[in-house]
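In numbering that gives the first Met the number 0, the protein residues as written are 0 to 446.
This report refers to the structure that appears directly beneath it.
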Amino acid sequence: MAVLLIEDDRTFQRILEGFLTKNKFESVACSTAKEGLAAVSKQDFDLVLLDYRLPDGTGMEVLEQIKHNHPQLPVIIMTSYSDIRTAVKAMKAGAFEYITKPVNPDELLLLIKSALSKPTKSEKTAAVSQPQFVVGSSDIARQLQQQISLVAPTNLSVIIQGESGTGKEQVARSIHQLSTRAQKPFVAVDCGALSKELAASELFGYAKGAFTGALRDKEGQFVAADGGTLFLDEVGNLSYEVQVKLLRAIQERIVQPLGTTKQIQVDVRIITATNDDLHEQSKHGMFREDLYYRLNEFKLHVPALRNRADDLHEFMEFFMNQANAELGRTTTGFSIELTNLFRKYDWPGNLREMKNVIKRAVLVTGTGEIGVAALPPEMVDAVNKPTLNSISETSTYDLKAIQESQERDLITKTLAEVRYNKSKAARLLNIDRKTLYLKMEKYNIQG
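Written as structure tokens, this is what we have:
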């Protein structure tokens, strides 16, 4: 088995190489994104271990290119505790899993073996039959399920609104599975990950020679979803030009691939998801009003995890059982101290964050009751030390450090107040989204 290691810390790189050799894996080590992408284009690998922070790019950029050219190649992201939300985004973009530094050797070996294992047909069938999503049993959960059951049999376009990580895609899948289109494709597109240039070609396809690098015809996602459901996640991120084409495709049920005059008839149901207020954006000219009303034939709101205290224990048990089955562990429950901490925690990453926190805790604990010691330290600190003095005594007279610290605190506070809605945060801070993203990267603010 050949493993590609992309890690710029030479000392840690050598440690990992020795670890891989000891466990009878062949390895090739690279220190930059450029070297890693060159290696994966020249040689066949069974797995990639990818550091998120590289001197010439980010792990997300490398991941996207690897997944574009080698969609079946598993990638494990290595990141620091402070990068966990970014790592979760990487998993959404196709990473097999992430592991936090300092790396636990047993945990890494288990992840590598899990990534390299090829499930049998019976295992695949079992995986499909196991529930991947739990709705909950509270009044809020029952209301949501009733709305899903109500709209599913129709062909109405649906907007699913909720914070990042609340399970909007799973709600969309539930609607699809309960609809008359259940036996047809469900195609999910993360609009937030698409640049202005890529969005149109991804949605509508393109002909060979349509632009530099278009070496063959490519089917768009509308055609891929024909007869089924097209799920557009974070639809508010699409550019105005793409919104115009999207509206035409929905209204006329026709798409035209880039670089051709050919028109293709399509029959798709559109479900969109957003953590923005599209109605408010449409009133201020940031989202086409006619497209908003075309998409908003029915709206569902998925509540944040912090507002679902009655469902908390059910979610905890569900994710624990799921992790036990996946990791071969036998944990049995949670300590009272951990449960109380979970109830106090704000869960900015919602269900997605809880799933990954519990998965890690199950892996670390192995068997028996899961305690607070199995949780990420920054999570425990967030509950026990909700406010920290942002300026240390040693930097009291460093004007630049003070200004940067205050700017970081203001951005962090604003993001928390708007529940990590980037568009709203940028407006409140009187900066554009690009500037906000750059500052979040500069100050290592996750979200």
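Even glycine gets a Cβ: it sits at the ideal position worked out from N, Cα and C.
For LEU4, I'd like the list of residues in its chain whose CB is within less than 6 Å of its CB, leaving aside the five on either flank, ordered along the chain.
Taking the sequence shown and counting its residues from 1, the one referred to as residue 4 is at position 5. A distance below 6 Å between beta-carbons, with the five flanking residues on each side excluded, links LEU4 to the following residues of its chain, in chain order: LEU15, SER26, ALA28, LEU48.
Taking Cβ to Cβ, would you say LEU231 is nearer than 7 Å to VAL188?
Residue mapping note: residue 231 aligns to position 232 of the sequence shown, counting from 1. Residue mapping note: residue 188 aligns to position 189 of the sequence shown, counting from 1. A contact, by the Cβ cut-off of 7 Å.
Tell me whether SER30 sits in a helix, a strand or coil according to DSSP, three-state version.
Taking the first residue of the sequence shown as 1, we reach residue 30 at position 31. Here SER30 sits in coil by DSSP.
Please determine, among ASP45, HIS67, LYS41, SER79, the residue with the shortest C-alpha to C-alpha distance to LEU53.
Locating residue 53 in the sequence shown gives position 54, where the first residue counts as 1. For the residues ASP45, HIS67, LYS41, SER79, the minimum Cα distance to LEU53 belongs to SER79.
Report buried or exposed for THR165, applying the criterion of at least 16 other Cβ atoms within 10 angstroms of its Cβ.
One-based indexing of the sequence shown puts residue 165 at position 166. When all chains shown are included, THR165 counts as buried.
How about GLU63 and LEU362: are their beta carbons less than 7 Å apart?
Taking the sequence shown and counting its residues from 1, the one referred to as residue 63 is at position 64. Taking the sequence shown and counting its residues from 1, the one referred to as residue 362 is at position 363. Cβ atoms of GLU63 and LEU362: not closer than 7 Å.
Give me the Cα-Cα distance between VAL133 and SER238, rounded to the nearest whole angstrom.
Here residue 133 corresponds to residue number 134 of the sequence shown, with the count starting at 1. Here residue 238 corresponds to residue number 239 of the sequence shown, with the count starting at 1. Taking the straight line from one Cα to the other gives about 34 Å.
For the pair the region 241–254 and the region 133–146, tell me if three or more CB-CB distances fall below 8 Å.
Output reads no: the region 133–146 does not touch the region 241–254.
Whole-angstrom C-beta distance between ILE147 and ILE270, which should lie under 8 Å:
Numbered from its first residue, the sequence shown carries residue 270 at position 271. Numbered from its first residue, the sequence shown carries residue 147 at position 148. The Cβ separation is near 11 Å, so there is no contact.
Compare the C-alpha of TYR51 against each of VAL74, THR331, VAL39, PHE317 and name the closest.
Position 52 of the sequence shown, counting from 1, holds the residue named residue 51. Ranked by Cα distance from TYR51, the first of VAL74, THR331, VAL39, PHE317 is VAL74.
Are LYS33 and ASP55 closer than 7 Å when you measure CB to CB?
By one-based count along the sequence shown, residue 33 stands at place 34. By one-based count along the sequence shown, residue 55 stands at place 56. For the pair LYS33 and ASP55, the CB atoms are nearer than the 7 Å cut-off.
So what's ILE390 in DSSP terms, helix, strand or just coil?
Residue mapping note: residue 390 aligns to position 391 of the sequence shown, counting from 1. Legend: pLDDT at ILE390 = 43, less than 50; position of this residue unreliable, no value from coordinates given.
Specify whether the region 252–264 and the region 199–214 touch according to this definition: at least 3 beta carbon pairs, one from each stretch, less than 8 Å apart.
The region 252–264 makes contact with the region 199–214: 3 or more CB pairs, one atom from each, lie closer than 8 Å.
Can you give me the Cβ contacts of VAL417 inside the same chain, cut-off strictly under 6 Å, excluding the 5 residues immediately before and after it?
Reading the sequence shown from its first residue, position 418 is the one you call residue 417. Taking C-beta separations shorter than 6 Å and ignoring five residues to either side along the sequence, the partners of VAL417 in its chain run LYS423, ALA424, following chain order.
Beta-carbon proximity check, GLY332 vs GLU368, cutoff 7 Å
Position 333 of the sequence shown holds residue 332. Position 369 of the sequence shown holds residue 368. Taking 7 Å as the cut-off, the Cβ atoms of GLY332 and GLU368 count as close.
Identified DSSP bridge partners for LEU46:
Looking up residue 46 in the sequence shown gives position 47. Beta-bridge partners assigned by DSSP to LEU46: VAL2.
Taking a contact to mean a Cβ-Cβ separation below 7 Å, would you say ASN154 touches ARG252 in this structure?
Here residue 154 refers to the residue found at position 155 of the sequence shown. Here residue 252 refers to the residue found at position 253 of the sequence shown. Contact flag unset, no.
Among LYS421, ARG426, LEU109, ILE249, nearest to ASN449 - alpha-carbon criterion:
Beyond the ends of the chain as shown, which are 0 and 446, falls residue 449; an answer cannot be given.
Proximity of TRP346 and LEU299 at Cβ, strictly below 7 Å
Taking the sequence shown and counting its residues from 1, the one referred to as residue 346 is at position 347. Taking the sequence shown and counting its residues from 1, the one referred to as residue 299 is at position 300. No, these two residues do not count as a Cβ contact at 7 Å.
Which residue or residues does DSSP assign as beta-bridge partners of VAL254?
Taking the first residue of the sequence shown as 1, we reach residue 254 at position 255. VAL254 is bridged by DSSP to ILE263.
Could you give the C-beta distance for ASN349 and SER163, rounded to a whole number, given that I count them as a contact under 8 Å?
Sequence index remark: in the sequence shown, residue 349 carries index 350 (1-based). Sequence index remark: in the sequence shown, residue 163 carries index 164 (1-based). ASN349 to SER163, Cβ: 7 Å. Contact.
Who are the near neighbours of GLY497 in its chain, counting only those whose CB is closer than 6 Å to its CB and skipping five residues on each side?
Because the chain spans 0 through 446 in this model, residue 497 falls outside it and cannot be assessed.
Are PHE297 and VAL157 close, meaning C-beta to C-beta below 7 Å?
Taking the sequence shown and counting its residues from 1, one reaches residue 297 at position 298. Taking the sequence shown and counting its residues from 1, one reaches residue 157 at position 158. Taking 7 Å as the Cβ cut-off, PHE297 and VAL157 qualify as a contacting pair.
Alpha carbon to alpha carbon, what distance is there between ALA171 and PRO376?
Looking up residue 376 in the sequence shown gives position 377. Looking up residue 171 in the sequence shown gives position 172. Straight-line spacing of the CA atoms in PRO376 and ALA171 works out to 34 Å.
Pick from ASP309, ASP43, LEU294, PHE341 that is closest to ALA373, judged by C-alpha positions:
As a first step, residue 373 is located in the sequence shown; it is residue number 374 there, counting from the start. For ALA373, the closest C-alpha among the options ASP309, ASP43, LEU294, PHE341 is that of PHE341.
Starting from MET77, trace the alpha helix (DSSP H) in both directions and tell me its first and last residue.
Reading the sequence shown from its first residue, position 78 is the one you call residue 77. Segment 74–78 is the beta strand (DSSP E) holding MET77; no alpha helix (DSSP H) there.
Can you tell me which residues form a DSSP beta bridge with LYS217?
For this step, residue 217 is matched to residue 218 along the sequence shown. Beta-bridge pairing links LYS217 to TYR205.
Distance, MET353 Cα to ALA381 Cα:
By one-based count along the sequence shown, residue 381 stands at place 382. By one-based count along the sequence shown, residue 353 stands at place 354. Between ALA381 and MET353, the alpha-carbon positions lie close to 15 Å from each other.
Cβ of ALA151 within 7 Å of Cβ of SER178?
As a working mapping, residue 151 is identified with position 152 in the sequence shown. As a working mapping, residue 178 is identified with position 179 in the sequence shown. With respect to SER178, ALA151 sits close: the two C-beta atoms are nearer than 7 Å.
Taking the alpha carbon of GLU6 as the point to measure from, which residue in LYS41, THR57, ARG307, MET315 has its own alpha carbon closest?
By one-based count along the sequence shown, residue 6 stands at place 7. Selected option, being the one with the closest Cα: THR57.
Cβ shell of SER334 (< 6 Å), same chain only, five flanking positions each side left out:
For the purposes of this step, residue 334 is identified with residue 335 of the sequence shown, where counting begins at 1. Apart from the 5 residues on each side of it in sequence, SER334 sits with its Cβ closer than 6 Å to the Cβ of GLU368, GLY370 in its chain, given in chain order.
Residue range of the beta strand (DSSP E) that includes THR331
Counted from its first residue, the sequence shown places residue 331 at position 332. In the DSSP assignment, THR331 falls within the beta strand (DSSP E) that extends over 329–333.
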